[in-house]
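Working notes, beginning with the structure itself.
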Amino acid sequence: MNLLMLGHSILAFYKQDHLGSWKLTNVSKQGVIAKEGYQRLLSEPELLNGKDAVLIMFGINELYYQMKVESIITNLKKMIEFIREQNKEIPIILCHVIQTAETNRLKPDRIESVNLEMDKLAKEYSTLILDWQALYRDQGEIQPEYTIDGIHLSKRGYDLFSQTLLELLNNNISKE
1 MNLLMLGHSI LAFYKQDHLG SWKLTNVSKQ GVIAKEGYQR LLSEPELLNG
51 KDAVLIMFGI NELYYQMKVE SIITNLKKMI EFIREQNKEI PIILCHVIQT
101 AETNRLKPDR IESVNLEMDK LAKEYSTLIL DWQALYRDQG EIQPEYTIDG
151 IHLSKRGYDL FSQTLLELLN NNISKE
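Following UniProt numbering, the numbering of the sequence shown begins with 1 at its first residue and continues without gaps.
Laid out in structure tokens, this is it:
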């Protein structure tokens, strides 16, 4: 089984190439936004070849750049539609935007808006949601021991992320 991981620095700093029986193809890049992720898929559709699932993590950089929630969701929708045009059966996982003490200065209501809109996309396109932050939330945000700088994950944070992602993959994606 092969998982394509496409997103920003939280995924880019994730250095594992396997997770359980899953091979991970991580093409994430620090500082990117969903529009750039979509453009990358358009220019390199072969990234999807031989993949059994796709994990998409965008949203936080757009909020830092003060982009509109609608812009984030529009580009996520374009990504989902493009992926489904290439392979209509491939499972897609959308990651909620992480809530931390650092991201709270971005206005938590905007993060919540993005996450609620992602939930709507998930329903509309039958994608999965990785709401991994809920597992280590402390009064609405990530606990300090799971982050190195208020946003990016520590080793313990990535260990928990790995466990949560593997459970989602194993419980929701067939290994036929």
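Positions of the beta carbon are idealized from the N, C-alpha and C atoms, including for glycine.
Treat the numbers as computed from the prediction; the structure is a model and nothing was measured.
If I'm right that residue i touches residue j with Cβ under 8 Å, what's the distance once you round it to whole angstroms?
i: GLN30; j: ALA53; result: 23 Å between Cβ atoms; not a contact.
i: ALA34; j: ILE92; result: Incorrect: roughly 13 Å between the Cβ atoms, too far for contact.
i: LYS51; j: ILE90; result: 7 Å
i: THR86; j: ILE142; result: Looking at the sequence itself, residue 86 is Gln, so the reference to Thr does not match. Not confirmed; about 34 Å, so no contact.
i: TYR38; j: LYS78; result: 5 Å
i: LEU166; j: MET118; result: About 21 Å; that fails the 8 Å criterion.
i: GLN16; j: SER162; result: 7 Å
Check this for me: beta carbons of residue i and residue j, under 7 Å apart or not?
i: MET5; j: LEU42; result: no
i: LEU94; j: ILE129; result: yes
i: TYR125; j: ILE83; result: no
Buried or exposed for residue i, please, with buried defined as at least 16 other CB atoms from any protein chain shown within 10 angstroms of its CB.
i: ASN49; result: exposed
i: TYR146; result: buried
i: SER28; result: buried
i: ARG105; result: exposed
So what does residue i bridge to, in DSSP terms?
i: MET57; result: GLY7
i: ASN2; result: LYS23
i: LEU153; result: THR147
i: LEU94; result: ILE56, ILE129
Kindly indicate if chain D contains any beta-carbon less than 7 Å away from that of residue i.
i: LEU121; result: Within the model displayed, chain D is absent; a lone protein chain is all it includes.
Exercise. Any contact of the region 57 to 71 with the region 100 to 115, i.e. 3+ C-beta pairs under 8 Å?
Worked result: Taking 8 Å as the limit for Cβ pairs, the verdict is that the region 100 to 115 does touch the region 57 to 71.
Exercise. Per the contact definition of three or more C-beta pairs closer than 8 Å, is the region 156 to 170 in contact with the region 15 to 29?
Worked result: Because the criterion of three Cβ pairs below 8 Å is met, the region 15 to 29 and the region 156 to 170 touch.
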